[in-house]
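Below: one structure, written as structure tokens.
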DNA sequence: ACTGAAACGGAAAGCCTTTCCGGAATTATA
DNA sequence: TATAATTCCGGAAAGGCTTTCCGTTTCAGT
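Residue numbers (the numbering used here), protein chains in the order written: chain A, 1 to 217; chain B, 1001 to 1217.
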């Protein structure tokens, strides 16, 4: 047959084998599941077994464990970013925003092992934080813009600041109750709603509020 | 009546062997050093070699690695708490407070592996956060009280809130420049100084630590 | 000094990770 | 469809680190 192509970009490049692609998919899926149940330090075999592949396959795709972890996290970040449009289509702008932040909160708060990885100082994770910002800021920005345009949300917060605040607030300190983060975020969102005229814009300035003293005694 | 002293608190209890005590000390010392240079995942042998003991000794004292890590952290916390009085003796109250927070900041910020451990979700570290509060809150409280009594610091912040704020602010996000935390803390302290009348009490607003419920008063 | 208990050290066992390569599976070509 | 050229797979084997185990050593108390 005539050159089915030439399409393969000049030549010499083959299409990636479909089984390889499939296996990689399986691995990411399995890793996500295992990380959830057994933590990011779970034995590799547990992952390969669940994925139905040999260990060799895992190590060919991800020579270091950090690569796998990174890939899984990036995947979740992508999923989070991609969730934006669907929410925007199904809800009013302000609600869509709230729902999306809910999803983000859950992501940050539940992935304890991931938070640990991020804080490990391992250079392997260096790009991750930036990746998160790059991917999520536009998604959040779009939701914010829509909500602002609809007059449902005040305009004074940037996507970056909001992301940053959510990330820090939701990173769980072992001691505090689990949904502390969620409550904080809800509070922010409510504060942003235009109906609410009571308080100063949150995070714009540290507005006063009650006496903090509370030296318990 | 093979009895005897009864001296050792009723009986049956022997004094802990001094070599054991010494070895334990060596291990903690060595672990601290090794964790610093090679991270908390450094091979056990590196630690035992530095401490001059056999591996068996390490595992007898700390059956799990997390036990060792926990012990080292608690030790550092103690050291931090103990540093209070000395600082108070050598500086004016406000300066002593600033210096102490400096020390705390450094502790939190430099111990990346420790932060990761804390966020790992491993139940082994469950008590640590509480331990930190218990030990450090009184130390900080004393410094605060002194400074307040001297009229050098405003009275409206509780040790708990301040500790909590420092801990969260200094836990480094990989992306931000390293001394971001330090700057934030400096800012807080400056804000607390009585000379400074410009701003509202910092961190009065969003951060509150515990169950914020208590709205009654 | 003597004795029994406590603690030691390091060899050995066990588990994981990581490498390696013969063979199977897939794509491209005819 | 058949064949050749690649790519990818799987799991055995190697290497390393952790954890156990037990004979020996050291210490507290008489």
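Glycine is no exception: its CB is placed at the ideal position from the N, C-alpha and C atoms.
Report task. Measure the C-alpha to C-alpha separation of residue 1076/B and residue 1087/B and round it to an integer number of angstroms. Result -> 17 Å
Query raised in the report: Since residue 153/A and residue 94/A are thought to touch, with beta carbons under 8 Å apart, how far apart are those beta carbons, to the nearest angstrom?
Result: With 8 Å as the limit, residue 153/A and residue 94/A qualify as a contact, their Cβ atoms being about 6 Å apart.
Query - 4 or more residues per run - each alpha helix (DSSP H) lying fully within the region 1060-1133 of chain B - result: 1065-1090, 1093-1110 and 1112-1118
Query - Euclidean distance between Cα positions of residue 1029/B and residue 1068/B - result: Going from the Cα of residue 1029/B to the Cα of residue 1068/B covers about 11 Å.
Query raised in the report: Tell me which same chain residues have a C-beta within less than 7 Å of the C-beta of residue 163/A, skipping the five on either side of it?
Result: So the list reads 133, 136, 137 and 140, once near-sequence residues are dropped.
Query raised in the report: Does the region 1022-1037 of chain B touch the region 1054-1068 of chain B, meaning 3 or more C-beta pairs lie closer than 8 Å?
Result: yes
Report task. Report buried or exposed for residue 117/A, applying the criterion of at least 16 other Cβ atoms within 10 angstroms of its Cβ. Result -> buried
Query raised in the report: For residue 17/A, does the three-state DSSP call read helix, strand or coil?
Result: coil
Query - First and last residue of the uninterrupted alpha helix (DSSP H) at residue 1051/B - result: 1044-1051
**Report entry** Candidates 1097/B, 1066/B, 1064/B and 1065/B: closest to residue 1080/B by CA position
**Finding:** With distances taken between Cα atoms, residue 1080/B lies closest to 1097/B.
Requested in this report: Return the CA-CA distance between residue 89/A and residue 104/A, expressed in angstroms with no decimal places.
Outcome: 18 Å
Query raised in the report: Going by alpha carbons, who is nearest to residue 62/A out of 50/A, 78/A and 44/A?
Result: 44/A
Query - Cβ distance (whole Å) where residue 128/A is taken to contact residue 73/A below 8 Å - result: In this structure, residue 128/A and residue 73/A form a Cβ contact; the two beta carbons are roughly 6 Å apart against a cut-off of 8 Å.
Query raised in the report: When DSSP labels each residue in this structure, what does residue 158/A get in the three-state scheme?
Result: coil
Query raised in the report: Beta carbon of residue 1066/B, beta carbon of residue 1125/B: below 8 Å?
Result: yes
Query raised in the report: Do residue 1050/B and residue 1071/B come within 8 Å of each other at the CB atom, strictly closer than that value?
Result: No, they are not a contact pair.
Query raised in the report: Buried or exposed: which applies to residue 84/A, given that a residue is buried once 16 or more other Cβ atoms fall within 10 Å of its Cβ?
Result: Looking at its Cβ environment, which holds 16 or more other Cβ atoms inside 10 Å, residue 84/A is buried.
Requested in this report: State the Cα-Cα distance for the pair residue 35/A and residue 147/A, rounded to the nearest angstrom.
Outcome: When rounded, the distance between both Cα atoms is 35 Å.
**Report entry** Counted within 10 angstroms of its Cβ, other Cβ atoms place residue 1158/B as buried (16 or more) or exposed
**Finding:** The residue in question, residue 1158/B, is buried, as its Cβ has 16 or more Cβ neighbours within 10 Å.
Requested in this report: Return the chain-ordered list of same chain residues with a C-beta closer than 8 Å to the C-beta of residue 1144/B, the five sequence neighbours on each side being excluded.
Outcome: 1097, 1153, 1157, 1159 and 1162
**Report entry** Straight-line gap, residue 16/A to residue 100/A (C-alpha atoms, nearest Å)
**Finding:** 35 Å
**Report entry** Simplified DSSP assignment, three categories, for residue 1206/B
**Finding:** Low per-residue confidence applies at residue 1206/B: pLDDT is 33, beneath 50, and the placement is therefore not dependable, though the value from the model is reported in the following sentence. In this structure, residue 1206/B counts as coil in the three-state DSSP scheme.
Requested in this report: Work out the CA separation of residue 1038/B and residue 82/A for me, nearest whole Å.
Outcome: The C-alpha of residue 1038/B is placed about 39 Å away from the C-alpha of residue 82/A.
Query raised in the report: So is residue 1013/B buried or exposed if we call it buried at 16+ other beta carbons inside 10 Å?
Result: exposed
Query raised in the report: How big is the Cα-Cα spacing for residue 92/A and residue 78/A?
Result: 23 Å
**Report entry** Best match in 106/A, 53/A and 18/A for proximity to residue 31/A [C-alpha to C-alpha]
**Finding:** 53/A
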